[in-house]
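Trainee: Residue numbers for the sequence shown follow my numbering, beginning at 142 and rising by one.
A virtual CB, placed ideally from N, CA and C, is assigned to each residue, including glycine.
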Amino acid sequence: MEVVIVPSAQQGSALAAGAIAQLLRTKHDAVLGLATGSTPLGVYDELARLHTDEGLSFAEARGFALDEYVGLPPDHPESYREVLRREIVGRVNFAPGAVRTPDGWASDLPAACADYEQAIVAAGGVDLQLLGIGTDGHIGFNEPSSSLASTTRVKTLTPQTRADNARFFDDDIDAVPEHVLTQGIGTILRARHLVLLAWGENKAAAIAETVEGPIRAMMPASALQLHPHATVIVDDAAASLLQKADYYRYVYDHKPAWQGI
Ligand code: PGA
142 MEVVIVPSAQ QGSALAAGAI AQLLRTKHDA VLGLATGSTP LGVYDELARL
192 HTDEGLSFAE ARGFALDEYV GLPPDHPESY REVLRREIVG RVNFAPGAVR
242 TPDGWASDLP AACADYEQAI VAAGGVDLQL LGIGTDGHIG FNEPSSSLAS
292 TTRVKTLTPQ TRADNARFFD DDIDAVPEHV LTQGIGTILR ARHLVLLAWG
342 ENKAAAIAET VEGPIRAMMP ASALQLHPHA TVIVDDAAAS LLQKADYYRY
392 VYDHKPAWQG I
């Protein structure tokens, strides 16, 4: 696992967007794994800028969301289908239908999950997966105790995650759905490059356990330790509880310039 500590979320977002841009320039039909929440918004702003200012094209790219709420009204502004349309898909030139979210409106949710797994495989797998991290260490909506081998399925959100996400629902925790569809940790681990982002002090404990703690289902993001190409990009505040911060800084400062993240 590579840990990159940056002075600001803006610099970290530019680094992640740069890796996505580099991928798209060399593989026009790359498959991107898209995350929602506040964390990746700066990456999406930078990708939109690269599209507008430098002609970065998404015309042949495909995308898969990590997760979706179950049963929100279809036009609800906080459904992840709608969030992704607003934050990235509608700001660049993805082809219609090129970005999929799990179908949280399906009458048969387990079948929708199986379809989603199959669609990722049929697309050739995810090339680069963006990830945020919950304060409880979740990735996607794989809450603590999720199987590290899990695939896309229905999950129940913890009260902590519903409280964390209430800010997107006018601070009304009762408006946050109880159930979600999420790619599993096993699904996520099949992506070829994982890029986990975290900004701010409230993520510091989860980041320390993810990077330096044991691999365990109670800290789902710790599964990244099993991945051959995982990059954790954190600002100084999110890095503040890392014991080996100086070592990560040294390694990043001395890596070969051609290597990228
Ligand atoms: P956030 O959420 O980006 O809004 O902090 C991250 C997550 O819950 O995965």
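Taking the alpha-carbon of Val111 as reference, which of Ala332, Val145 and Ala304 has the nearest alpha-carbon?
Mentor: Any answer about residue 111 is impossible in this case: the structure gives the chain only from 142 up to 402.
Trainee: Tell me, please, whether the segment 341–355 touches the segment 251–265 by the rule of three or more beta-carbon pairs shorter than 8 angstroms.
Mentor: no
Trainee: Would the C-beta of Thr328 count as close to the ligand PGA, meaning under 6 angstroms from any of its heavy atoms?
Mentor: Locating residue 328 in the sequence shown gives position 187, counting from the first residue. No, Cβ of Thr328 sits at least 6 angstroms from all heavy atoms of the ligand PGA.
Trainee: For Glu228, which option in Trp246, Asp277 and Gly178 has the closest C-alpha, if you only look at C-alpha atoms?
Mentor: The residue given as residue 228 occupies position 87 in the sequence shown. Taking only the C-alpha atoms, the option nearest Glu228 is Gly178.
Trainee: Rounded to the nearest angstrom, what separates Ala157 and Val184 at their Cα positions?
Mentor: Numbered from 1 along the sequence shown, position 16 holds the residue referred to as residue 157. Numbered from 1 along the sequence shown, position 43 holds the residue referred to as residue 184. Cα to Cα, the separation comes out at about 7 angstroms.
Trainee: Applying the criterion that 16 or more other CB atoms from any shown protein chain within 10 Å of the CB defines a buried residue, is His169 buried or exposed?
Mentor: What you label residue 169 is simply residue 28 of the sequence shown in a count that begins at 1. Label assigned to His169: exposed.
Trainee: Considering only heavy atoms of the ligand PGA, list every residue whose Cβ is less than 5 angstroms from one of them, following chain order.
Mentor: Gly178, Ser179, Thr180, Gly273 and Gly275
Trainee: Got a sec: is the Cβ-Cβ distance from Asn283 to anything in chain D below 7 angstroms?
Mentor: The structure shown contains no chain D; it holds only a single protein chain.
Trainee: So, are the CB atoms of Leu182 and Ala206 less than 7 angstroms apart?
Mentor: Indexing the sequence shown from 1 puts residue 182 at position 41. Indexing the sequence shown from 1 puts residue 206 at position 65. Not in contact: Leu182 and Ala206 (Cβ atoms no closer than 7 angstroms).
Trainee: From Gln366 to Gly245, what does the alpha carbon distance come to, in whole angstroms?
Mentor: The residue labelled residue 366 in the question sits at position 225 within the sequence shown. The residue labelled residue 245 in the question sits at position 104 within the sequence shown. Between Gln366 and Gly245, the C-alpha separation is close to 30 angstroms.
Trainee: Quick one: what's Asn283 bridged to in DSSP?
Mentor: Position 142 of the sequence shown, counted from the start, is the residue given in the question as residue 283. Beta-bridge pairing links Asn283 to Ile280.
Trainee: So which of Ala304, Ile329 and Gln152 has the shortest CA-CA distance to Asp277?
Mentor: Position 136 of the sequence shown, counting from 1, holds the residue named residue 277. Out of Ala304, Ile329 and Gln152, Ala304 has the C-alpha closest to the C-alpha of Asp277.
Trainee: Taking just the CA atoms, how far does Ala316 sit from Pro215?
Mentor: The sequence position of residue 215 within the sequence shown is 74, counting from 1. The sequence position of residue 316 within the sequence shown is 175, counting from 1. Going from the Cα of Pro215 to the Cα of Ala316 covers about 14 angstroms.
Trainee: Check this for me: beta carbons of Leu272 and His334, under 7 angstroms apart or not?
Mentor: In the sequence shown, residue 272 corresponds to position 131, counting from 1. In the sequence shown, residue 334 corresponds to position 193, counting from 1. With respect to the 7 angstroms criterion, Leu272 and His334 are not classified as neighbours on the basis of their beta carbons.
Trainee: What is the residue span of the alpha helix (DSSP H) that Thr351 lies within?
Mentor: If you number the sequence shown from 1, residue 351 lands on position 210. Element bounds for Thr351: Ala345 to Glu353.
Trainee: Going along the chain, which residues of its own chain have a beta-carbon closer than 7 angstroms to the beta-carbon of Leu377, five neighbours each way excluded?
Mentor: Locating residue 377 in the sequence shown gives position 236, counting from the first residue. Residue 377 is actually Asp in this sequence, not Leu. Only Ile146 and Pro148 meet the Cβ criterion.
Trainee: Does the distance from the CB of Thr292 to the CB of Thr323 come in under 7 angstroms?
Mentor: For the purposes of this step, residue 292 is identified with residue 151 of the sequence shown, where counting begins at 1. For the purposes of this step, residue 323 is identified with residue 182 of the sequence shown, where counting begins at 1. No; because the gap between Cβ atoms is not below 7 angstroms, this pair is not in contact.
Trainee: Whole-angstrom Cβ separation of Ala371 and Ile348, contact assumed at under 8 angstroms?
Mentor: Here residue 371 is taken as the residue at index 230 of the sequence shown, counted from 1. Here residue 348 is taken as the residue at index 207 of the sequence shown, counted from 1. About 13 angstroms; that fails the 8 angstroms criterion.
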